[in-house]
Every structure is written in C-alpha cells, then in structure tokens.
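Numbering (our numbering), first residue to last: 27 to 191. Just so it is clear, CB atoms sit at the ideal spot from N, CA and C, and this is done for glycine as well. First up is the structure itself, then whatever we jot down about it.
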Amino acid sequence: MRIVILPLLLAACSGAGTSGNSATPQDLESAAIERGLVRDPTDTDITGLYARDTDRVCVIRKGDAYRIGAFVDYGDGLSCTGAGTATRAGETLSVQLKGRSGITCAFDARFDGDRITFPANVPPECARFCGPRASFVALDVDRLSESAAEARALRSAEGVRLCGD
Numbered sequence: 027m028r029i030v031i032l033p034l035l036l037a038a039c040s041g042a043g044t045s046g047n048s049a050t051p052q053d054l055e056s057a058a059i060e061r062g063l064v065r066d067p068t069d070t071d072i073t074g075l076y077a078r079d080t081d082r083v084c085v086i087r088k089g090d091a092y093r094i095g096a097f098v099d100y101g102d103g104l105s106c107t108g109a110g111t112a113t114r115a116g117e118t119l120s121v122q123l124k125g126r127s128g129i130t131c132a133f134d135a136r137f138d139g140d141r142i143t144f145p146a147n148v149p150p151e152c153a154r155f156c157g158p159r160a161s162f163v164a165l166d167v168d169r170l171s172e173s174a175a176e177a178r179a180l181r182s183a184e185g186v187r188l189c190g191d
C-alpha cells in the first residue's frame, strides 16, 4: 500500500498544474515606464538643455540628426568645450564633436529620457577639446528644459553658441 501512495503524493507535489503566474516577470524599468512613472526614452525627443552643477549640454534637432554642444567648467580656466552632431538609436546617442582643426571626438552616450551620460572612457582625441585636468569623461547631466530656444542660447566660456544655427 505504501508503494502505491508514495507515487501519488510525489505526483501531487510535482507542480504539474499551472499557476496564475506563468507570464515572464518585467524588469523594474519596464514596469515603471508602463505605469507612466518614468519616461520611455525611445518615445522622448532629446531636444533641450541639460545641466548638472557647471556642466551643460544642449541638443537641437537638425534634419534627421541633432546638433549637440557640451561644456564642462571646473573654474580657473579648467574646462572642455565641444560642438558637433549626434544621431540616435533608442537609448544610444552617437556623438561626434568636431574641432576647428578637423579633430573629431566620437563616442556613444546614453539617453534615458531625462538624462544624458557620456561614457567613462572617451577617445584620446577628446582631450584636445579640454584644458589641462578637465575632461568629458562620465559627464552626466539632467534635463532642465525641452525648449530648443533655450538650448540654442547655451554659450561656452568664450561666448560661442554651442547649438546655434
């Protein structure tokens, strides 16, 4: 009798039946986007002015791409200034800052809907856009405004418009 009951008990505990939780669980970011708590970065235009402390980034649409400018100011002449173009693929911004002497600083930044973050490692060419001991490395700025006019007004320490036409 024990031999007959033991397989029946094991079959009852095997979980052969379906539970109500068969759907794949969502990650927290997807759940927050679905509920409207966080912006969906793929549905958000990146045009605007971004800042944190004395760091600034401007972005305006220019055809199928964007005009982007970045300014980092540590004071006492320690700064970085660059302007160029960016293209977008989802949360990735492919940035190309262009210098007067033909130097290009190209890297991929991240856009999460409200913040732009430059990578922790930028190409060595990017150092030419900066003074001594200044860098674009890991520049992290939050959106201040979605206004293209405010983005166009951003100027470098020398008074140059970074996203001007």
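CB of D142 within 9 Å of CB of A135, strictly: For the purposes of this step, residue 142 is identified with residue 116 of the sequence shown, where counting begins at 1. For the purposes of this step, residue 135 is identified with residue 109 of the sequence shown, where counting begins at 1. With the sequence shown as reference, residue 142 is identified as Ile, and Asp is not the correct amino acid for it. In contact: I142 and A135 (Cβ atoms closer than 9 Å).
- request: From the DSSP output, in three-state form, read off F155 for me.
  value: As a position in the sequence shown, residue 155 is number 129, starting the count at 1. Residue state, collapsed to three classes: helix.
query: Just to confirm, are G74 and S173 a CB contact at a threshold of 9 Å?
result: By 1-based counting over the sequence shown, the position of residue 74 is 48. By 1-based counting over the sequence shown, the position of residue 173 is 147. The Cβ atoms of G74 and S173 lie closer than 9 Å to each other.
- request: Classify T44 as helix, strand or coil using the three-state DSSP reduction.
  value: The residue you call residue 44 lines up with position 18 of the sequence shown. Here the model assigns T44 a pLDDT of 49, short of 50, so the residue's position is not dependable and the matter cannot be decided.
- prompt: What do you get for R169, buried or exposed, if any count of 16 or more other CB atoms within 10 angstroms of its CB means buried?
  reply: The residue labelled residue 169 in the question sits at position 143 within the sequence shown. With 16 or more Cβ atoms within 10 Å of its Cβ, R169 is classed as buried.
Test item: CB-CB of G116 and F162 under 9 Å: Residue mapping note: residue 116 aligns to position 90 of the sequence shown, counting from 1. Residue mapping note: residue 162 aligns to position 136 of the sequence shown, counting from 1. No.
- prompt: Is A177 helix, strand or coil by DSSP?
  reply: Start at 1 with the first residue of the sequence shown, and residue 177 comes out as number 151. In the structure shown, the three-state DSSP call for A177 is helix.
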